[in-house]
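Residue numbers (the working numbering): 55 to 365. To start, the structure under review is shown below, and the notes come after it.
Dropping the structure here:
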């Protein structure tokens, strides 16, 4: 991972050479928007501390990039081990995470350290930690608290020194209330938390990321770098980006391939049409009517009456 400068602000990237075997949904983050700059400050405060960290954010927003940067800025000399909890086999989750001894399974002629053992001295990143089965969550907490793991088939535990950085796209507090996530593990993760805002909440980052992806794909495809027209810039900033940074990357890649001049225009972005101002107002009114307090609804009705009188 590398940290460059773009638009006078740091750019956090994920070069091809450092790709995990697992899919990385977001390959770059910038810290231009005020919310992003605040996030960077919080990250740099947490990185040197010997505590677990929970990163909360939507899919594709760049949680693994933050986790890798936390590891890079810590004093841990071991590996950064990335694991997608949703891809762990429920049958062999214990062995995958904590390892196993030779002969524990049919055909297992040698022992394996597991993900936890591989991260000894380094950082274990568990993406979508809420997908871990509850029994494994309990064992994970014990390993973190006792600094030791017992491999499948072993009679004695082995000492480990692992820092956990976990990520989730759901509200784990709700999962705890529903009995789907271990409450003590949730509180263990609570000391160090980072909230990664969705891309639509970091509007100041959108154009910087778009320019970065445009430069990367232009270089990769040996194409001239076009400009992003003002109209296209406006369209990018107005889009809600449900797919976050990964969606933006795909949009820019597509626009580069279909643009014919020296500028990228809105039609090259292949984005859905933007709602009109009246449609946005209608949506906001409906939301207040559905979710607002009695006082908010009364104030809204008074405002609408004044607008009708003015018209």
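Here a beta-carbon is modelled for each residue, glycine too, at the ideal position from N, C-alpha and C. The structure displayed is predicted, hence computed values, not measured ones.
Please report the straight-line C-alpha distance between residue i and residue j, rounded to a whole angstrom.
{"i": "residue 253", "j": "residue 296", "result": "8 Å"}
{"i": "residue 140", "j": "residue 325", "result": "30 Å"}
{"i": "residue 138", "j": "residue 182", "result": "7 Å"}
{"i": "residue 131", "j": "residue 175", "result": "6 Å"}
{"i": "residue 184", "j": "residue 267", "result": "31 Å"}
{"i": "residue 133", "j": "residue 217", "result": "11 Å"}
{"i": "residue 122", "j": "residue 108", "result": "13 Å"}
{"i": "residue 240", "j": "residue 154", "result": "27 Å"}
{"i": "residue 248", "j": "residue 271", "result": "30 Å"}
{"i": "residue 234", "j": "residue 120", "result": "26 Å"}
{"i": "residue 169", "j": "residue 316", "result": "48 Å"}
{"i": "residue 264", "j": "residue 194", "result": "39 Å"}
{"i": "residue 223", "j": "residue 250", "result": "10 Å"}
{"i": "residue 225", "j": "residue 96", "result": "20 Å"}
{"i": "residue 171", "j": "residue 276", "result": "43 Å"}
{"i": "residue 62", "j": "residue 94", "result": "No answer about residue 62 holds up, because its pLDDT of 44 lies below 50 and its placement is not dependable."}
{"i": "residue 186", "j": "residue 92", "result": "30 Å"}
{"i": "residue 177", "j": "residue 307", "result": "33 Å"}
{"i": "residue 231", "j": "residue 293", "result": "34 Å"}
{"i": "residue 192", "j": "residue 242", "result": "12 Å"}
{"i": "residue 83", "j": "residue 129", "result": "23 Å"}
{"i": "residue 117", "j": "residue 256", "result": "15 Å"}
Report yes if the C-beta distance between residue i and residue j is below 7 Å; otherwise report no.
{"i": "residue 197", "j": "residue 135", "result": "no"}
{"i": "residue 87", "j": "residue 258", "result": "yes"}
{"i": "residue 152", "j": "residue 238", "result": "no"}
{"i": "residue 124", "j": "residue 245", "result": "no"}
{"i": "residue 304", "j": "residue 115", "result": "no"}
{"i": "residue 309", "j": "residue 290", "result": "no"}
{"i": "residue 188", "j": "residue 220", "result": "no"}
{"i": "residue 190", "j": "residue 147", "result": "yes"}
{"i": "residue 319", "j": "residue 286", "result": "yes"}
{"i": "residue 127", "j": "residue 101", "result": "yes"}
{"i": "residue 280", "j": "residue 327", "result": "no"}
{"i": "residue 213", "j": "residue 202", "result": "yes"}
With a threshold of 16 other CB atoms inside 10 Å of the CB of residue i, please say whether the residue is buried or exposed.
{"i": "residue 262", "result": "buried"}
{"i": "residue 236", "result": "buried"}
{"i": "residue 145", "result": "exposed"}
{"i": "residue 321", "result": "exposed"}
{"i": "residue 373", "result": "Nothing about residue 373 can be read from this structure; the chain reaches only from 55 to 365."}
{"i": "residue 215", "result": "exposed"}
{"i": "residue 274", "result": "exposed"}
{"i": "residue 166", "result": "buried"}
{"i": "residue 90", "result": "buried"}
{"i": "residue 103", "result": "exposed"}
{"i": "residue 302", "result": "buried"}
On the DSSP bridge list, what partners appear for residue i?
{"i": "residue 142", "result": "Per DSSP, none; premise fails for residue 142."}
{"i": "residue 212", "result": "203"}
{"i": "residue 317", "result": "281"}
{"i": "residue 242", "result": "Residue 242 pairs with nothing; no bridge assigned."}
{"i": "residue 222", "result": "110"}
{"i": "residue 180", "result": "137 and 220"}
{"i": "residue 166", "result": "154"}
Going residue by residue through the region 244-276, where are the continuous beta strand (DSSP E) segments of at least 3 residues, counting only ones entirely within it? For the region 244-276, whole beta strand (DSSP E) runs of length 3 or above, ordered along the chain, are 247-249.
At 3 residues or longer, and completely inside the region 95-160: list those beta strand (DSSP E) runs for me, N to C. Positions of the beta strand (DSSP E) runs, each at least 3 residues long and wholly inside the region 95-160, are given as 107-110 and 134-138 in order along the chain.
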